[in-house]
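Student: Sequences listed follow chains X and F, in order.
Counting in the working numbering, the first sequence tops out at residue 310, every number present.
Counting in the working numbering, the second sequence tops out at residue 1337, every number present.
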Amino acid sequence: MRASIKPGAPMDLAIGPLLFNWAADRVETFYARIADEAPVGTVYLGEVVCGKRQPLLQDALARSAERLEAGGKTVIWSTLALPATPRERRLAAELAADPDHLIEAGDMSAVWSRSPSPFVAGPLLNVYNAPAAEELARMGCVRLCANVELPLTSIREIAQACPDLELELFAFGRLPLALSSRCAQARMEGLHRDACRYVCDRHPDGMNVATIEGEGFLAVNGLQTLSHGCQLVDVPVEALRAAGVSMLRLSPHSLDMVAVSHLFHDYAAGRTTPQDLALAIEALGPPGPLVSGYLHGAAGARGIDARATP
Amino acid sequence: MTAARIPALELVCPAGSPAMLKAAVEAGADSVYCGFRDETNARNFPGLNFSPAELRAATDWAHERGTRVLLALNTFARADAPDLWRASADAAAVAGVDAVIAADLAVLSHMRANHPGVRLHLSVQAAAGTPEAISFYAREYGVKRVVLPRVLSVEEIRSLTPEIAVETEAFVYGGLCVMAEGRCALSSYASGRSPNLSGVCSPPEAVSFTDDHGERTTRLSGFAIDRLPAGEVGGYPTLCKGRFRGGGSGEAGYLFEDPVSLNAMSLLGGLAGAGVTAVKIEGRQRGRAYVARVTKAFRAAIDAIGRGESPELYESLLGDLAEGARETTGAYRKRWR
């Protein structure tokens, strides 16, 4: 029951699926460090953005999964957000049908293949209210990572209506804002997607997109558009607990993610204020200015001033 | 003759107001689609849409003329106000509409539980483009038709239709989303409002213009999204159709999409052959004269196909109407893959 949420109730940490096209050896090194050094309980693995990247990482991810599990982490396989080709559909269906692993559904195709077995509903599924969350819970959803547009007040409404559903919050990283079946990155290089030469691998945190006036605005990651700003929760951890959140998702970026997860570990334990968290994250070199507007029902780009007095 | 074996395409036209509904019906629409005057539909713009009483009267009027009325209830219910969406669903049932077009699981489950007799169409905002996703909505909510995402080619539609047990509806004319519909938060990132949250993209109250040195800069909540020589007319300033600088390049360009408009009239025969049931015109925000002209042209083209003639004769009729005055066949020929 939500009424039983107490100060000090667990607030687990998860590493979200890697959104960017990193080389296989870099991926393996990254997850090896997470396995050995990061104070997180859960790691989501899998290519969620572009089906063309899937074959490049298959072996590295399989080895990473073993390493992470040996390190005591729970591995959850994330499915592609926009499956389209027969191969992409088959891969998603195979993942979803595997009863030995928990999956994160990236679209309703995965829910169709998975239900009624348990699954995590990813942030790219359109769940905006309690009745929709109840529908997914009825079909086997055990945890919902809230859509990034949702304010904390909406997350609280969902938590109150669905006491058995775990709620995860996208707490760190560039916000996944949009998906397309066209690749803006290939388009910029004058390439077709089918012969894209994997140009997205040049941008480990996404390619910065500025306005005509040079203001940082968005970031392109192949088929995906992200925010230029870097999301960071900026409310006391007790406010998250009160809204029913029990897990924080840290989305991988090229800065020191082990250091990021240690900072969040202290924040989740109530040892670090949101202001100190923001200052420490800023010192690590996040991919863009810190933003948090969505959590407060404002424009997502609204920034955090880490130096402002609380 | 092959045309005789393929049923005629149903022509589905936009009705942003009662006057526009009348214009579409008189111009030959088989079906019209409209929404209530609030955030429950994806064209929540000032001055558009219907009150419950207007919808009821318009539905009666259209039914007397043999035209179907579809009600778009295709945004996602706000967590703190699901009753607004429930009330709209109930009002649609009372008005006697022929189908409700929805994307939100909350709306679909409410309809199934409370109005099992009302036909459900899956909105393009649900972004269901695979047999698995479409089958999910058909099994769980009894959806009878899916409005296809605007990313499938004719060939892909041809292989999709035999795999699903529901009708398909395909956009053939008007504005195009660059991003997967219903999975785009660019507008709310800048302005706080988006199609999923509030039924608007790049909301008019967040748009402003500044003139400087003979150029006009368009802004969305302060972010400069385009710049044109003063006096040059652009389309509605939608964020994804603006100009940006990518990857530190000095030059600003149409990073996501050139300002083009969909016209798939030449592909109507191919779409029918691919198993498509209905074709849809976008543009509830475009006005009465617009809908009359586009509906007439597509009526003529569909009737021509019925007589075994080519619809291409009618294609040039609409060239000057396109936003930015340039047209594309979109994904249907998939030149960009």
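Every residue, glycine too, gets a C-beta built ideally from N, C-alpha and C.
(1) With 9 Å as the limit, tell me which residues of the stretch 1091-1121 of chain F have their beta carbon closer than that to any beta carbon of chain X; keep them in chain order.
(2) State the DSSP-derived secondary structure class of Ala301(X), mapped to helix, strand or coil.
(3) In chain order, what residues of the same chain have a beta carbon less than 8 Å from the beta carbon of Thr1161(F), not counting five sequence neighbours either side?
(4) In chain A, which residues lie with their C-beta within 8 Å of the C-beta of Asn129(X)?
(5) Have a look at Arg1065(F) and Asp1030(F) and give me their C-alpha separation to the nearest angstrom.
(6) Of the choices Gly1234(F), Ser1208(F), Pro1204(F) and Thr1238(F), whose alpha-carbon is the least far from that of Pro1046(F)?
(7) Straight-line CA distance for Glu1282(F) to Val1012(F)?
(8) So is Pro99(X) buried or exposed if we call it buried at 16+ other beta carbons inside 10 Å?
(9) Helix or strand or just coil, what does DSSP make of Lys1296(F)?
(10) Which chain F residues are close to Gln188(X), counting only those with a beta carbon under 9 Å from its beta carbon?
(11) Taking the runs of the beta strand (DSSP E) that are 3 residues or longer, which of them lie wholly in the stretch 239-306 of chain X?
(12) Keeping to the same chain, check which residues put their C-beta closer than 7 Å to that of Leu95(X); ignore five residues upstream and five downstream.
(13) At least one CB of chain X closer than 7 Å to the CB of Ser1202(F): is that the case?
(14) If contacts are defined as beta-carbon pairs under 8 Å, then Leu136(X) and Leu144(X) qualify, I think. What distance do you get, rounded to the angstrom?
(15) One question on the structure: do Gln185(X) and Gly222(X) come within less than 7 Å of each other, judged by their Cβ atoms?
(16) Do Leu57(X) and Glu47(X) have their beta-carbon atoms positioned less than 7 Å apart in this structure?
(17) What does Ile158(X) reach in chain F if we use C-beta pairs closer than 9 Å?
(18) Between the stretch 1166-1190 of chain F and chain X, which residues of the former have a C-beta closer than 7 Å to a C-beta of the latter?
(19) With the cut-off set at 7 Å, would you say Ala1297(F) and Leu1318(F) are in Cβ contact?
(20) Distance cutoff 7 Å, beta carbons only. Does Val1151(F) sit that close to anything in chain X?
(21) Just reading off the beta strand (DSSP E) that Asp1211(F) is part of, what are its end residues?
(22) Answer with buried or exposed for Leu291(X), where buried requires no fewer than 16 other C-beta atoms within 10 angstroms of its C-beta.
(23) Inspect the CB distances between the stretch 1185-1201 of chain F and the stretch 190-204 of chain X and report whether three or more fall short of 8 Å.
(24) Going by C-alpha distance, which of Gly1222(F), Val1279(F) and Phe1209(F) is nearest Arg214(X)?
(25) To the nearest angstrom, report how far apart Arg1216(F) and Thr211(X) are at their CA atoms.
(26) So which residues on chain F does Met207(X) lean against when the C-beta distance must stay under 7 Å?
(27) Roughly how many angstroms lie between the CA atoms of Gly72(X) and Val43(X), to the nearest whole one?
(28) Once DSSP output is grouped into helix, strand and coil, what is the label at Ser1221(F)?
(29) Could you tell me the distance, in whole angstroms, from the CA atom of Ala159(X) to the CA atom of Ala93(X)?
(30) Taking only beta-carbon atoms, is Arg2(X) less than 7 Å away from chain F?
(31) Less than 7 Å between CB atoms is the rule here; does Arg89(X) satisfy it with respect to chain F?
(32) Span of the alpha helix (DSSP H) holding Trp1061(F)?
(33) For Thr1210(F), which residues from the same chain have a beta carbon less than 8 Å from its beta carbon, with the 5 sequence-adjacent residues on both sides left out?
(34) Can you tell which of Phe1050(F), Asp1083(F) and Ala1081(F) has its C-alpha closest to the C-alpha of Leu1071(F)?
(35) Once the 5 residues before and after Gly1192(F) are set aside, which same chain residues still bring their CB inside 7 Å of it?
(36) Under DSSP, the beta strand (DSSP E) around Asn208(X) begins and ends at which residues?
Tutor: Quick answer:
(1) Ala1103, Asp1104, Leu1105, Ala1106, Val1107, Leu1108, Ser1109 and His1110
(2) coil
(3) Thr1168, Ala1274, Gly1275 and Val1276
(4) In the structure shown, chain A cannot be found, because the protein chains are X and F.
(5) 10 Å
(6) Pro1204(F)
(7) 9 Å
(8) exposed
(9) Looking at Lys1296(F) - three-state DSSP - the assignment turns out to be helix.
(10) This sequence places Met at residue 188(X); Gln is not what is there. Gly1246, Gly1247, Ser1249, Gly1253 and Leu1255, listed in chain order.
(11) 245-250
(12) Trp77, Thr79 and Ile103
(13) Closer than 7 Å: no.
(14) 7 Å
(15) yes
(16) yes
(17) Ala1079
(18) Val1178, Met1179, Ala1180, Gly1182, Arg1183, Cys1184, Ala1185, Leu1186, Ser1188, Tyr1189 and Ala1190
(19) Closer than 7 Å, so yes.
(20) yes
(21) Here the beta strand (DSSP E) through Asp1211(F) covers Val1207 to Asp1212.
(22) In the sequence on display, residue 291(X) carries Val and not Leu. By the neighbour-count rule (16 or more Cβ atoms within 10 Å), Val291(X) is buried.
(23) No, they do not touch.
(24) As written in the sequence, residue 214(X) is Gly, which differs from the Arg given in the question. Taking only the C-alpha atoms, the option nearest Gly214(X) is Gly1222(F).
(25) 14 Å
(26) Gly1246 and Gly1247
(27) 10 Å
(28) coil
(29) 29 Å
(30) Because Arg2(X) carries a pLDDT of 40, less than 50, the predicted location of this residue cannot be relied on, and no value is offered for it.
(31) yes
(32) Pro1052 to Glu1064
(33) For Thr1210(F), same chain residues with a beta-carbon under 8 Å away, outside a window of 5 residues either side, are Arg1216, Thr1217 and Arg1219 in chain order.
(34) Phe1050(F)
(35) none
(36) Unbroken beta strand (DSSP E) run through Asn208(X): Met207 to Ala210.
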